[in-house]
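Each residue of the sequence shown is one higher than the one before, counting from 4 in this note's numbering. Presented below is the structure to which this report refers.
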Amino acid sequence: MNGHCLVVDDDAEIRTSLKTYLQGFGWLISTAADGGGMRQAMAAAKPDVIVLDLMLPGEDGLALLRWLSTQPDSPPVLMLTARGDTMSRVVGLELGADDYLAKPFEPRELVARLQALLRRANKGTPAQDDTRTLRFGRWRFDRLARQLVSPDDVGVALSSAEFRLLAAFVQRPGRVLTRDQLIELTRAPGVEVNDRSIDLAVSRLRAKLGDTAREPSVIRTVRGEGYLFDAEVSAC
């Protein structure tokens with residue numbers, strides 16, 4: 004058994020097809036067509052992860068994300084968005100969504116992302132948004148001072164791009180982040196970010212962490228998907 008997934012989508016065909024497909028991978032599935040149904044399903048049995056469509060009747064997915072953010076120990080959320088709906092994806096991530104997929108999507112990719120979210124949740128080590136200094140391995144990262152401190156207690160200078168990239172990684176340990184996600188998470192006003200600039204920033208950050216692309220110990224490449232920050236993160 005993978006875990007309990009709640010699928011929230013007003014399209015009955017999508018709910019049925021996802022339920023059948025995910026059950027084939029060992030998931031326990033509940034479904035809901037709207038916000039009221041989601042709350043009822045969660046009251047009956049708390050899910051391990053939620054698949055949430057943003058385009059819902061009544062309360063939309065963004066309103067439900069806001070509500071979930073007020074609930075104690077709310078499960079991770081993978082939101083479904085319309086392809087090209089960049090603003091909704093950005094707002095959704097800012098409101099606390101943990102991942103997203105654009106419709107139409109490959110069901111197998113959904114399975115992989117849900118499994119990654121479940122692994123991350125089971126680690127029980129998400130970094131707190133308001134924690135100034137975080138630790139991973141023997142490294143320390145002061146997000147307010149924008150300073151990375153090595154295991155030898157030496158400060159390591161970070162460029163703005165490297166700082167934004169590391170900040171995105173430490174908030175999402177154990178989770179595969181696509182280049183598109185990293186672009187949205189690290190974008191700064193007036194700065195052009197693309198796949199190539201993400202790859203370059205990853206390469207430079209790896210070098211400062213003593214990582215190599217051939218034998219990475221912290222930032223791993225997941226072929227065909229993106230990058231994964233493979234370290235437990237805790238507050239100092």
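Idealized CB from N, CA, C, for every residue including glycine.
The C-alpha of V54 lies about 18 Å from the C-alpha of T73. Bounds of the alpha helix (DSSP H) holding M45 are 38-47.
S33: member of the beta strand (DSSP E) spanning 30-35, first to last residue. Per DSSP, G6 is one residue of the beta strand (DSSP E) stretching across 6-11. A distance below 8 Å between beta-carbons, with the five flanking residues on each side excluded, links D202 to the following residues of its chain, in chain order: R182. Counting along the chain, S237 sits inside the beta strand (DSSP E) bounded by residues 236-238.
Taking a C-beta distance under 8 Å as the contact criterion, L151 and A171 do not qualify as a contact pair.
Taking the Cβ atoms as the reference, V52 lies roughly 5 Å from P79, within the contact range of under 8 Å. Here the C-alpha atom of P176 lies approximately 16 Å from the C-alpha atom of Y103.
If you look at G229, you'll find it in the beta strand (DSSP E) that goes 229-232. Membership of F172 in the alpha helix (DSSP H) is indicated by the continuous run 163-173. Here M58 carries a coil assignment [DSSP, helix/strand/coil].
Within the same chain, Cβ atoms closer than 6 Å to the Cβ of L21 are found at V10, the five residues on either side in sequence being excluded. The alpha-carbon of K49 is positioned some 19 Å away from that of A66. Within the DSSP secondary-structure output, K106 pairs in a beta bridge with A85. With a threshold of 16 other beta carbon atoms within 10 Å, S163 falls short and is exposed. Counting the other Cβ atoms within 10 Å of the Cβ of R92 gives 16 or more, which makes it buried. Membership of T181 in any alpha helix (DSSP H) is not indicated, and neither H nor E is assigned to it by DSSP. Taking C-beta separations shorter than 6 Å and ignoring five residues to either side along the sequence, the partners of G6 in its chain run D51, L121, following chain order.
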